[in-house]
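Protein chains in written order, with this note's numbering: chain A, 26 to 260; chain B, 26 to 260. Each residue gets a CB set at the ideal place from its N, CA and C atoms; glycine is no exception.
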DNA sequence: TTATGATATTTTGTCGACAGAGCATTATAA
DNA sequence: TTATAATGCTCTGTCGACAAAATATCATAA
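Laid out in structure tokens, this is it:
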């Protein structure tokens, strides 16, 4: 079925076609609605979004640098795919950046932003039972990003956001498999408390454990994740 | 089987226009041949490179995500510009990532890659007097990237390469101002030695000092750099 | 059958064109 | 004079088109 682009009602010029394409494709890649390694057909996308190939290609070039798609000269763009090591590398990086961030938070006294994080998460703690997995992952990412943002390094936050998007599918699985959801909820609260009490040593300890740098259950989660993505393909 | 061996000059098409434009524009931005904040004229670039605007725009979209140019809807692309804090943030990030890298280098025994870095730098040490500033900065970046690469996390290396490119103009000034060039040359050698001797504590100490996280002379260098870039403009 | 070659189809990479937004300049009014 | 409106020019954002490369399809030979 083909649809004509003439049906664009209330065509909001405020949202550029490139941006729309970017967000649309990124979402498909993040959730692996486009399977890993699969070729991305520009014409197909252009028709689906009711635009020409030009903005599609511009968006794909953005996603290429962002690590969401790969590129082969003459063949075009493909959904990113990764090995267990690739995922582990991204998770390691994320842990390193967050660790660095908390070590760079300066004076922690009387900071409304810390309090805001705390109270937001306390709300999550009370109603996490009514939240679905997507909402939970979203809240979790938000917590960690805001934590890192306390250090005030916007560039680091940007990178962390990018990594979060790229490993989101793994984080979803990690949360699903979390035996007792209240564990990680409580850990976030403890992190906030250590922050407010300015207990740096405790803070580092808590975060290291929470992010699970040396967590032995990380490997099986990654493999579970890859198994799902790649279906019956052998890694 | 191979096809008939015809001298295919068409193979010189191997360098895509997009990639050419990307490298060309990036170079101008890195060296601030395009002044910070200046609007980038697509038609001008297209004519200068003998191509149409399409590949130019694709390249610009890549550079946008890479942090080399900014974008304003309806106005186009502009050379990146930054404040003293922006530079400091990038340098902080770079330091954090390198620190994290060396803490993740596993077994350091009998590693040819470590020896290779050492011997390469020893060569630099002997002939650094005949090297110009660009060569020196290049060698320095190379050293640090290879150091970080020892940890085996390709994604981190990618980010470090990106940051190096973005702060290169500052690093050039830092090197110019280095009172005794042999200082930093010697520090690299010491870092290698600490690596080979597996003296982790010493290694961290050396690197922290070398990268100058808390170096008080960092601030004046940044300001000197920005002053040059922005010429008489006030920051 | 499998391999090879010719042919048809798809898809990329790039081009030139154009409407409209943005910007500069001139003309007009206060 | 200064401020505002009109005018024309520049440049962006997107489109449709096309050649060449890549891929799929089919035919033929071993």
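Practice task
Could you tell me if the beta carbon of residue 105 of chain A falls within a distance shorter than 7 Å of some heavy atom in the ligand ADP?
Solution key: The ligand ADP is absent from the structure shown, which contains no ligand whatsoever.
Problem - Cβ-Cβ distance between residue 101 of chain B and residue 65 of chain B below 8 Å - result: Contact: yes.
Practice task
Following the continuous alpha helix (DSSP H) through residue 194 of chain A, name the residue where it begins and the one where it ends.
Solution key: 193 to 202
Problem - is_contact[residue 134 of chain A, chain B] using C-beta, thresh 8 Å - result: no
Practice task
Would you mind working out which of A:160, A:82, A:56 sits nearest residue 68 of chain A, comparing C-alpha positions?
Solution key: A:82
Exercise for the section: Look at the Cβ atom of residue 42 of chain A, then the Cβ atom of residue 76 of chain A, and state whether they are nearer than 8 Å. Expected result: yes
Problem - Cβ neighbours of residue 198 of chain A in the same chain (closer than 8 Å, five flanking residues each side left out) - result: 246, 249, 250, 253
Problem - Interface residues of the region 165 to 197 of chain B facing chain A [CB-CB below 7 Å] - result: 178, 179, 180, 181, 184
Exercise for the section: Have a look at the DSSP bridge pairing and note the partners of residue 96 of chain A. Expected result: A:102
Practice task
Check the DSSP bridge columns for residue 130 of chain A and list the partner residues they point to.
Solution key: Its beta-bridge partners do not exist; DSSP assigns none.
Exercise for the section: Would you decide whether residue 178 of chain A is buried or exposed? Buried here means 16 or more other CB atoms lie within 10 Å of its CB. Expected result: buried
Problem - One or two residues paired with residue 153 of chain B in a DSSP bridge - result: Partner(s): none; residue 153 of chain B has no beta bridge.
Practice task
Just the C-alpha distance for residue 238 of chain B and residue 153 of chain A, rounded to the nearest angstrom, thanks.
Solution key: Residue placement at residue 238 of chain B cannot be trusted, given a pLDDT of 49 that sits under 50; the coordinates are not used to answer.
Handout entry: Same chain only: Cβ atoms within 8 Å of residue 203 of chain B, ignoring 5 sequence neighbours per side
Key = 209
Exercise for the section: Measure the Cβ-Cβ separation of residue 122 of chain B and residue 243 of chain B and say whether it is below 8 Å. Expected result: no
Practice task
Could you round the C-beta distance between residue 119 of chain B and residue 220 of chain B to whole angstroms and report it? I think they count as a contact, below 8 Å.
Solution key: Actually they do not touch by this definition, with Cβ atoms about 19 Å apart.
Practice task
Using 10 angstroms around the beta-carbon of residue 56 of chain A, count the other beta-carbons present and answer buried if the total reaches 16, otherwise exposed.
Solution key: exposed
Exercise for the section: Examine chain A for any beta-carbon lying closer than 8 Å to the beta-carbon of residue 98 of chain B, and answer yes or no. Expected result: Output row for residue 98 of chain B: interface = yes.
Problem - Cβ separation of residue 232 of chain A and residue 127 of chain A, assumed to be a contact under 8 Å, to the nearest whole Å - result: 6 Å
Problem - DSSP state of residue 65 of chain B mapped onto helix, strand, coil - result: strand
Practice task
Would you list, in chain order, the members of the region 74 to 98 of chain A that have their beta-carbon closer than 9 Å to a beta-carbon of chain B?
Solution key: 79, 82, 83, 84, 85, 86, 87, 88, 89, 90, 91, 92, 98
Problem - Residue from A:73, A:230, A:229, A:166 whose Cα sits closest to the Cα of residue 191 of chain A - result: A:166
Practice task
Hey, could you find the ends of the alpha helix (DSSP H) residue 80 of chain A is sitting in?
Solution key: 78 to 91
Exercise for the section: Verify the CB distance criterion: does residue 115 of chain A have a CB-CB separation below 8 Å to chain B? Expected result: yes
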